[in-house]
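If you read the sequence shown in our numbering, its first letter stands for residue 268, the second for the next number, and so on.
The beta carbon of each residue, even a glycine, is placed where N, CA and C say it ideally should be.
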Amino acid sequence: MDKDFRTYFASKPGLIHLNNAGLSPINIKAEAIVHHWAERYRREGMFCHEAGLEAIEESRQDLAQFLDAESGSLAFFSCTSAAVSQVAFQIDLKPGQEVLMWDQENGSHLYPWQEACQRSGAQLVLAASAPDLGTPVERLLSQVTERTRVIAVSWVQFQTGALTDLEPLVALKKDRDLWIVVDGIQAIGARPFSFRNMGIDALMGGSHKWMTSLAGAAYLCIKPERARELRPHNVGAQTLENGKDARRYESGSRPVLEILALGTSARLIRGLGPARLMQKSLELSQMLADGLSDLGYQVARPNGPRLTTPLINVTAGARTVLGDVEAISHALQKNKISHARRGQGLRLSPHAHNNRDDILETLRVFSGKFRSGL
C-alpha cells in the first residue's frame, strides 16, 4: 500500500488538526466500517449478531498483527484506565512491595496504581523526572530495590513527548520476578512496536489518539503466562466462557463499533507502514519545533534537539509576538488549529496525516499573522 496517509482523511475544510495526542480525526476506513455495521444492526438486529462477534475477532487479529502479538493476548476495554485497572488491582500486591512510576504520569495511568497500592499496603514510588521533564531511564533504575514488584511507565509521556528507553527495564527481569507494564497510548500508532520482541509483560493503549479511530475502545496486551496469573477484575457472563487467555477479562457486552473501527485502523496503519508514518510525523514536528524556536518561543526538547516523538510543548519567549500561553491558545483557537494545554505550556502534536501547509499556517499564527479567509 503506497498511498499518503492524508488521503484517508476528509475533515472539514479550514481545520488544522494538531492535537492528535488528544483526539485525532477519524480516518475514512474506520468511519466506513462504523456506518456499515450500524446499518447492519439497524436492519438485521439479532440476525447479524454472530457475524458481529466474528468481526470482533477479526479486529482482535488485526490489532494483534499490528502489535506483533498473539490474538489471545488481547482483551478489549472501553478506556485505557480500565485496562490498567485489570492489571493494577489483580497483580496481588503485598504490603512492603513497591510500584515504581514516573512523577509525571497521566492520571489514567497513575490513579489505578495509586489506589491499588493504597488498598494492598504496597508503596507507590515516583521517580523524579529531569528538570526539562525528560525521562532518562537511569533515574528509574536508581529507584529499583529488592522490594520493587512493578515498574509501570508510559512509553511516551503526554505533556512533552518524553520517551523512556524500555530495554534496560526489561533486562532487570532476568534476575527477579518483576512486572514491566507500559502505557502505550501516546506511542502506539505514532511509533513502530513489537510486543513479541520488546519483552514487556503488559501494554495498554487506546483508539482515539495516534490510531485515528473512534473513541471508546482500548486494549490490554499481556503475555500469556502473565494472563494466567491475573484473575478477571470484572466478572460477568463471558468470564468463564473465554477460557484462560486475556479474553476472559472481557466480562460482557463490548463496544462493538469502536472495536471494529480500531481493528480497521490498525490494519490501515500496518499496511501503510508505521515506520514510514513515524518518519513523516517527525519531519513535520521537527519543522514546527525549529520554526517556533526561530520565532523566539521556548520548545521543550526532553529527548534532545532532534525530536524522537511528535509531541511538542511550547511556551512564550521574552520577545515573542504572543506573550503567554493564554494568548497562544486564543490565537490558535481563533485560527481553528487544535491544541492542548499541558503542564506549563501548550502541546502541539502533528501526525502523518498533516502536511507542510498545516505547519506553515501554524507558524504564521505564532508570528502574529492570521490565516487568510478567517
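- Message: Going by the DSSP bridge assignment, what does Arg609 pair with across the sheet?
- Response: For the purposes of this step, residue 609 is taken as residue 342 along the sequence shown, with counting starting at 1. Its beta-bridge partners are Gly612.
- Message: Per DSSP, what are the beta-bridge partners of Trp446 in this structure?
- Response: Position 179 of the sequence shown, counted from the start, is the residue given in the question as residue 446. Answer by DSSP bridge pairing, in chain order: Val417.
- Message: For a quick check, are the C-beta atoms of Pro577 and Pro617 less than 8 Å apart?
- Response: As a working mapping, residue 577 is identified with position 310 in the sequence shown. As a working mapping, residue 617 is identified with position 350 in the sequence shown. Between Pro577 and Pro617, the gap from beta carbon to beta carbon is short of 8 Å.
- Since Leu527 and Ile323 are thought to touch, with beta carbons under 8 Å apart, how far apart are those beta carbons, to the nearest angstrom? Residue mapping note: residue 527 aligns to position 260 of the sequence shown, counting from 1. Residue mapping note: residue 323 aligns to position 56 of the sequence shown, counting from 1. Indeed they touch by this definition, with Cβ atoms about 7 Å apart.
- Task: Only counting runs of 3 or more residues, tell me where the beta strand (DSSP E) segments fall wholly within the segment 421-488, in order along the chain.
- Result: Counting only runs of 3 or more, we get 446-450, 469-473.
- Message: If I follow the unbroken alpha helix (DSSP H) through Val392, where does it start and stop?
- Response: What you label residue 392 is simply residue 125 of the sequence shown in a count that begins at 1. Per DSSP, Val392 belongs to no alpha helix (DSSP H); it is in the beta strand (DSSP E), 390-394.
- Message: Here's a check: name, in chain order, each residue in its chain whose Cβ is nearer than 6 Å to the Cβ of Val581, leaving out the five neighbours to either side.
- Response: Numbered from 1 along the sequence shown, position 314 holds the residue referred to as residue 581. Cβ neighbours of Val581 within its own chain (closer than 6 Å, five residues either side excluded): Leu559, Tyr564, Val566, Gly612, Leu613.
- Item | Classification of His597 by the beta-carbon crowding that lies within 10 angstroms, buried from 16 upward | Here residue 597 corresponds to residue number 330 of the sequence shown, with the count starting at 1. By the 10 Å Cβ count, His597 comes out exposed.
- Message: Tell me which residue opens and which closes the beta strand (DSSP E) that Glu365 is part of.
- Response: Translated into positions along the sequence shown, residue 365 becomes position 98. It spans 365-369 - the beta strand (DSSP E) in which Glu365 sits, taken as one unbroken run.
- Helix or strand or just coil, what does DSSP make of Gln655? The requested residue 655 does not occur in the structure, where the chain is confined to residues 268 to 641.
- CA-CA distance, Ser520 and Phe344? Position 253 of the sequence shown, counting from 1, holds the residue named residue 520. Position 77 of the sequence shown, counting from 1, holds the residue named residue 344. In this model, Ser520 and Phe344 are separated by some 10 Å (Cα to Cα).
- Task: Measure the beta-carbon distance from Arg406 to Ala395 and round it to whole angstroms, keeping in mind my assumption that it falls under 8 Å.
- Result: Working through the sequence shown from its first residue, we reach residue 406 at position 139. Working through the sequence shown from its first residue, we reach residue 395 at position 128. Separation of the CB atoms of Arg406 and Ala395 is rounded to 6 Å, and the pair is thereby assigned contact status at 8 Å.
- Query: Taking the C-alpha atoms as reference points, what is the distance between Ala305 and Leu330?
  - Reply: The sequence position of residue 305 within the sequence shown is 38, counting from 1. The sequence position of residue 330 within the sequence shown is 63, counting from 1. Cα atoms of Ala305 and Leu330: separation of roughly 21 Å, rounded to the nearest angstrom.
- Just confirm the distance between the C-beta atoms of Ala389 and Pro362, as a whole number of angstroms; I'd bet it's less than 8 Å. Start at 1 with the first residue of the sequence shown, and residue 389 comes out as number 122. Start at 1 with the first residue of the sequence shown, and residue 362 comes out as number 95. Contact holds; Cβ gap of about 7 Å.
- Message: If the criterion is Cβ atoms closer than 8 Å, does the pair Gln364 and Arg414 meet it?
- Response: Here the question's residue 364 lines up with position 97 in the sequence shown. Here the question's residue 414 lines up with position 147 in the sequence shown. Here Gln364 is near Arg414, since their CB atoms are less than 8 Å apart.
- Task: Answer with buried or exposed for Phe314, where buried requires no fewer than 16 other C-beta atoms within 10 angstroms of its C-beta.
- Result: In the sequence shown, residue 314 corresponds to position 47, counting from 1. Under this definition Phe314 is an exposed residue.
- Item | Integer-rounded CB distance, given that Leu285 should sit under 8 Å from His606 | Locating residue 606 in the sequence shown gives position 339, where the first residue counts as 1. Locating residue 285 in the sequence shown gives position 18, where the first residue counts as 1. That pair is a contact at about 6 Å.
- For Phe356, name the three-state secondary structure that DSSP assigns. Working through the sequence shown from its first residue, we reach residue 356 at position 89. DSSP, read as helix, strand or coil, puts Phe356 in coil.
- Whose C-beta lies closer than 6 Å to the C-beta of Arg307 among residues of the same chain, with five residues either side of it excluded? Taking the sequence shown and counting its residues from 1, one reaches residue 307 at position 40. Taken in chain order, the residues that qualify are Cys315.
- Alpha-carbon to alpha-carbon, Glu525 and Cys346: Here residue 346 refers to the residue found at position 79 of the sequence shown. Here residue 525 refers to the residue found at position 258 of the sequence shown. Taking the straight line from one Cα to the other gives about 11 Å.
- Three-state secondary structure (DSSP) of Val411: By one-based count along the sequence shown, residue 411 stands at place 144. It is coil, neither helix nor strand.
- Task: Pick helix, strand or coil for Pro617, following the three-state DSSP scheme.
- Result: Indexing the sequence shown from 1 puts residue 617 at position 350. In the displayed model, Pro617 falls within coil according to three-state DSSP, outside both helix and strand.
- Buried or exposed: His620, going by 16 or more other Cβ atoms within 10 Å of its Cβ? Residue mapping note: residue 620 aligns to position 353 of the sequence shown, counting from 1. Classification of His620: buried, given that the 10 Å Cβ count is 16 or more.
- Taking C-alpha atoms, which residue in Lys476, Ser480, Ala469 lies nearest to Pro491? Within the sequence shown, numbered from 1, the residue matching residue 491 stands at position 224. The shortest CA-to-CA distance from Pro491 to any of Lys476, Ser480, Ala469 is the one to Ala469.
- Which residues in the same chain as Arg273 place their Cβ atom closer than 7 Å to its Cβ, once the five residues preceding and following it in sequence are excluded? By 1-based counting over the sequence shown, the position of residue 273 is 6. So the qualifying residues of the chain are His620, Asn622.
- Task: May I ask you to check if the CB of Pro577 is nearer than 7 Å to at least one heavy atom of the ligand COA?
- Result: This structure lacks the ligand COA, and indeed carries no ligand of any kind.
- DSSP state of Lys361 mapped onto helix, strand, coil: Taking the first residue of the sequence shown as 1, we reach residue 361 at position 94. For Lys361, the secondary structure class from DSSP, reduced to helix, strand or coil, is coil.
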